[in-house]
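Data block below; observations after.
Numbering (this note's numbering), first residue to last: -12 to 52.
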């Protein structure tokens, strides 16, 4: 009963071919999404990556979530 089905892993995309790394952090107010994205941005910049981030506060309230 505790057997897990085998799931084929997704085919990896080499970074040289992809050209970029995309990360989506989804959070609702107070869950720390902004803090986490700032940490990741800071680490990426220190690692020499060009980084773009965006944050849209208040979307949950405006869209009725």
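Note that CB positions come from ideal geometry on N, CA and C, so glycine has one too.
Using only the alpha-carbon positions, how far apart do residue 48 and residue 22 sit?
Rounded to the nearest angstrom, the two C-alpha atoms are 20 angstroms apart.
Between the CA atoms of residue 18 and residue 42 - distance to the nearest angstrom
Their Cα atoms are separated by approximately 14 angstroms.
Excluding the 5 residues preceding and the 5 following residue 10 in the sequence, name in chain order all residues of the same chain whose CB lies nearer than 7 angstroms to its CB.
The residues are 27.
Rounded straight-line distance, which links the Cα of residue 50 to that of residue 13
Roughly 15 angstroms between the two C-alpha positions.
Extent of the continuous alpha helix (DSSP H) run through residue 33:
Bounds of the alpha helix (DSSP H) holding residue 33 are 20 to 33.
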